[in-house]
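I have placed the structure first, in the form of structure tokens, so that the comments after it can refer back to it.
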Amino acid sequence: MFRRPQDHEPDSEISQLGRILSPLRIYTWGPSAMSYLGVPIVISLPMVVVQDEDLEKATRKLNDSGFIPSSPNRNPAPEIMAELPDPQAVLRQINEGYRRLDRSCKTFSCPSHLLESFEQILLIPSSFASLPELNATKQSAALTNAQYDTYGNILYPQQQTLLESFIRAALDEATNAGFTSWAASIRAWVSMMVGYLGLENDILDDCLDEHVATWYSTHFGRIHESKDRIGVSSCNRKASVPEREERRPMI
Numbered sequence: 014m015f016r017r018p019q020d021h022e023p024d025s026e027i028s029q030l031g032r033i034l035s036p037l038r039i040y041t042w043g044p045s046a047m048s049y050l051g052v053p054i055v056i057s058l059p060m061v062v063v064q065d066e067d068l069e070k071a072t073r074k075l076n077d078s079g080f081i082p083s084s085p086n087r088n089p090a091p092e093i094m095a096e097l098p099d100p101q102a103v104l105r106q107i108n109e110g111y112r113r114l115d116r117s118c119k120t121f122s123c124p125s126h127l128l129e130s131f132e133q134i135l136l137i138p139s140s141f142a143s144l145p146e147l148n149a150t151k152q153s154a155a156l157t158n159a160q161y162d163t164y165g166n167i168l169y170p171q172q173q174t175l176l177e178s179f180i181r182a183a184l185d186e187a188t189n190a191g192f193t194s195w196a197a198s199i200r201a202w203v204s205m206m207v208g209y210l211g212l213e214n215d216i217l218d219d220c221l222d223e224h225v226a227t228w229y230s231t232h233f234g235r236i237h238e239s240k241d242r243i244g245v246s247s248c249n250r251k252a253s254v255p256e257r258e259e260r261r262p263m264i
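FYI, in this note's numbering the residues of the sequence shown are 14 to 264.
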């Protein structure tokens with residue numbers, strides 16, 4: 014698969030959520046935000062972020078529009094479930110890897126007349142997504158435009174902003190829960206962004222968070238590339254050394 018052209022307007026489902034949650038500011042995150050940037054990824058669960066202080070207001074607005082609080086549906090396909098000796102034990106094990114996500118965020122089942130492409134949405138507080146919050150009294154319009162593409166009350170993070178937030182979220186997960194399925198999912202998103210969007214090694218050079226910059230460099234950036242070069246160089250040196258011919262005793 015190849016990258017898609019970057020979008021220049023919100024998709025229809027996100028636009029619906031923007032109208033429902035207006036005037037609250039919402040930020041796209043996860044696959045929805047990646048798809049906007051051009052990553053060819055399937056969106057099975059739209060993720061929207063609101064500022065922490067708006068979480069309860071957003072919850073009420075969704076409830077008033079017919080969205081029903083629910084548990085995340087991570088069930089394997091029915092044919093797979095039918096083959097499992099203890100399906101519920103498997104589901105518990107799957108959900109265990111997302112326990113911190115489920116505890117911090119809110120899942121809603123969509124009403125049939127809204128968001129027809131999706132069964133559920135995920136509402137995320139900004140502190141969990143680690144997205145920089147925008148405050149008109151603190152940040153200039155130029156800085157806002159450098160971090161987000163803005164469509165009314167809907168904000169799509171630009172490449173560096175989304176990348177930094179993913180890495181911070183992965184670091185937070187590792188610190189609080191270890192290497193979980195959720196942490197693995199976030200790392201996979203970073204890998205897809207690097208691969209499909211062609212992110213350069215220096216994209217986080219001006220990042221003020223040293224932990225974020227070091228994580229990226231180690232896993233995908235300069236340090237990672239340096240290790241690859243050393244490995245390739247070592248392999249080439251080994252390949253260039255001819256094998257000694259076996260000496261035969263003279264008769």
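The beta carbon of each residue, even a glycine, is placed where N, CA and C say it ideally should be.
Given the structure is predicted, the values throughout are model-derived calculations rather than measurements.
Measure the beta-carbon distance from residue i to residue j and round it to whole angstroms, keeping in mind my assumption that it falls under 8 angstroms.
i       : j       : result
Arg-38  : Gln-19  : About 21 angstroms separates the two Cβ atoms, so there is no contact after all.
Asn-189 : Arg-113 : 6 angstroms
Thr-41  : Leu-136 : With a Cβ gap of about 12 angstroms, Thr-41 and Leu-136 do not count as contacting.
Val-52  : Tyr-209 : 5 angstroms
Ala-142 : Ala-182 : 6 angstroms
Leu-97  : Val-61  : Rounded, the Cβ-Cβ distance is 33 angstroms, inconsistent with contact.
Please name the residue or residues paired with residue i in a DSSP beta bridge.
i       : result
Leu-217 : DSSP, once it has assigned bridges, lists no residue as partnering Leu-217.
Tyr-169 : Asp-162
Ile-180 : Bridge partners of Ile-180: none, in fact.
Val-61  : Thr-41 and Leu-136
Pro-82  : Phe-121
In chain order, what residues of the same chain have a beta carbon less than 6 angstroms from the beta carbon of residue i, not counting five sequence neighbours either side?
i       : result
Gly-79  : Pro-124
Trp-202 : Phe-179
Under 8 angstroms Cβ to Cβ from residue i, same chain only, skipping five residues before and after it: list those, please.
i      : result
Lys-74 : Ile-33, Leu-34 and Leu-37
Arg-5  : There is no way to answer for residue 5, as the model of the chain reaches only from 14 to 264.
Could you tell me if residue i is buried or exposed, where buried requires 16 or more neighbouring beta carbons within 10 angstroms of its beta carbon?
i       : result
Ser-204 : exposed
Leu-68  : buried
Phe-233 : buried
Pro-91  : exposed
Ala-3   : In this structure the chain extends from 14 to 264, so residue 3 is not present and cannot be described.
Which same chain residues, not among the five before or five after residue i, have their C-beta less than 7 angstroms away from its C-beta?
i       : result
Glu-26  : Pro-59, Leu-128, Ser-130 and Phe-131
Cys-220 : Glu-177 and Ala-226
Thr-150 : With a pLDDT of 46 at Thr-150, under the threshold of 50, the predicted position of this residue should be treated as unreliable, though the coordinate-derived value follows. Nothing listed; no residue qualifies.
Write down every uninterrupted run of the beta strand (DSSP E) in the region 99–138 whose length is 3 residues or greater and which is fully enclosed by it, in chain order. 119–122 and 133–138
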